[in-house]
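Have a look at the structure below, then the notes.
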């Protein structure tokens with residue numbers, strides 16, 4: 211009997227298991243999984259809502275922003291990611307149970323200033339660093 | 216998150232914070248701002264909001280600093296000397312030493328400095344007093360000098376420490392800024408005390424002039440022209456929050 215030819219085992223390759231079409235910068239901002247890619251979102255901290263306007267002279271609140279979105283495709287051209295994040299995301303694709311995805315976090319922060327009365331009616335102007343997200347990326 | 220008035224997605228119970236949770240949230244956010252607590256300004260907000268000299272000046276600084284906020288933006292000369300805290304002190308006691316026509320005559324200002332926060336380094340301090348055109352035809356040039364009261368003496372004049380000298384013309388009008396940064400070393404040492412300042416005015420040939428007659432406005436001036444002290448601080452250690 212002719213021995214059936216041994217089926218060649220598919221060579222284990224590191225090919226990505228799913229179509230790895232990266233959403234380019236002209237595609238919509240939803241990645242392949244339908245989730246949004248990592249980007250900055252509006253977050254307004256309202257001193258009015260906090261009931262502080264009887265002692266805060268300025269501002270009435272400020273846009274702090276926050277970062278949210280998928281880091282599934284750190285190679286995406288519209289997303290800035292550290293080399294480590296790219297490596298972590300690739301290793302995550304190979305071992306999803308062992309290595310988490312890179313996460314979407316601020317890459318640039320700036321300050322905001324608040325002008326207010328203290329309990330002795332002195333007027334104080336305080337600059338707070340790292341209170342406003344300027345840019346997001348994958349870490 | 217989301218737009219200016221984020222609405223919870225349909226079906227999700229809208230989160231309503233109780234009074235106590237709101238207070239806890241406020242305290243958490245105050246802690247992030249490094250604010251000691253929610254101060255209760257003494258004067259009723261309406262009176263406190265009259266255009267007083269210190270808030271008006273500080274509002275200008277706020278707009279300058281806000282323009283400076285973008286770390287990589289803001290032209291260097293607009294930086295407030297990298298200060299991250301500016302305090303204006305308005306609680307002041309003023310005493311005139313112009314009685315009896317003895318020479319020299321001076322004005323004394325005492326400021327309550329107990330509000331100065333710990334761990335901050337003073338990078339600059341200035342005393343601001345409004346100069347109106349003088350009421351009498353004094354000769355043209357006046358010299359205004361400022362001293363810090365180092366030690367009061369019962370039987371003689373206090374020990375003084377020279378701070379600044381400005382020359383102006385009798386007809387000048389506007390804010391006169393005297394540099395009192397040199398006095399700040401002593402503040403941080405004797406925090407519990409207040410700061411005493413003596414203001415002298417004299418003519419070019421050395422005659423002492425009553426500061427009121429020279430047009431320097433004290434506490435009796437309208438609120439938008441009252442003198443105040445401004446101090447610029449730089450946090451020596453960034454206020455790192457204790458882990459919870």
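Residue numbers (our numbering), protein chains in the order written: chain A, 211 to 349; chain B, 216 to 459.
Don't be surprised by glycine CBs; every beta carbon is placed ideally from N, CA and C.
Proximity to residue 297 of chain A across A:275, A:312 and A:318 peaks at A:312, based on C-alpha coordinates.
Close partners of residue 323 of chain A in chain B (Cβ separation under 7 Å): 277, 280, 281 and 284. For residue 256 of chain A, DSSP records a beta bridge to A:271. Of the residues assessed, residue 441 of chain B falls on the buried side of the cut-off, its CB having 16 or more other CB atoms within 10 angstroms. At a cut-off of 8 Å between beta carbons, residue 303 of chain A makes no contact with chain B. DSSP places residue 247 of chain B inside the alpha helix (DSSP H), whose first and last residues are 234-247.
By a beta-carbon distance limit of 8 Å, residue 336 of chain A contacts residue 300 of chain B. Their separation comes to about 5 Å. The beta carbon of residue 270 of chain B falls within 8 Å of a beta carbon belonging to chain A, placing the residue at that interface. Checking the DSSP bridge columns, you'll see residue 277 of chain A partnered with A:250. The beta-carbon separation of residue 322 of chain B and residue 433 of chain B, rounded to 6 Å, stays under the 8 Å limit for a contact. Separation of the CB atoms of residue 363 of chain B and residue 378 of chain B is rounded to 6 Å, and the pair is thereby assigned contact status at 8 Å.
In the DSSP assignment, residue 321 of chain B forms a beta bridge with B:312 and B:415. The C-alpha of residue 317 of chain A is placed about 26 Å away from the C-alpha of residue 250 of chain B. Taking 8 Å as the cut-off, the beta carbon of residue 341 of chain A is found closer than this to the beta carbon of residue 321 of chain A. Contact between residue 325 of chain B and residue 411 of chain B holds, with the beta-carbon distance rounding to 5 Å and staying under 8 Å. Taking 8 Å as the threshold, the shortest C-beta distance from residue 304 of chain B to chain A falls below it.
Taking CB atoms only, residue 361 of chain B has no neighbour in chain A less than 8 Å away.
One Cα belongs to residue 381 of chain B, the other to residue 394 of chain B, and the distance between them is close to 9 Å. Under the three-state reduction of DSSP, residue 328 of chain B is assigned to coil, being neither helix nor strand. Residue 443 of chain B sits close to residue 305 of chain B, with the two beta carbons spaced by under 8 Å. Around residue 302 of chain A, the same chain offers 309 and 311 as residues with beta carbons nearer than 6 Å, after the five sequence neighbours per side are excluded. For the alpha helix (DSSP H) assignment, the uninterrupted runs of no fewer than 4 residues enclosed by the region 333-406 of chain B are, from N- to C-terminal side, 399-404. Contact check for residue 330 of chain A against residue 277 of chain B fails: the beta carbons are separated by 8 Å or more. Around residue 296 of chain A, no beta-carbon contact reaches into chain B at under 9 Å, the shortest distance being about 26 Å.
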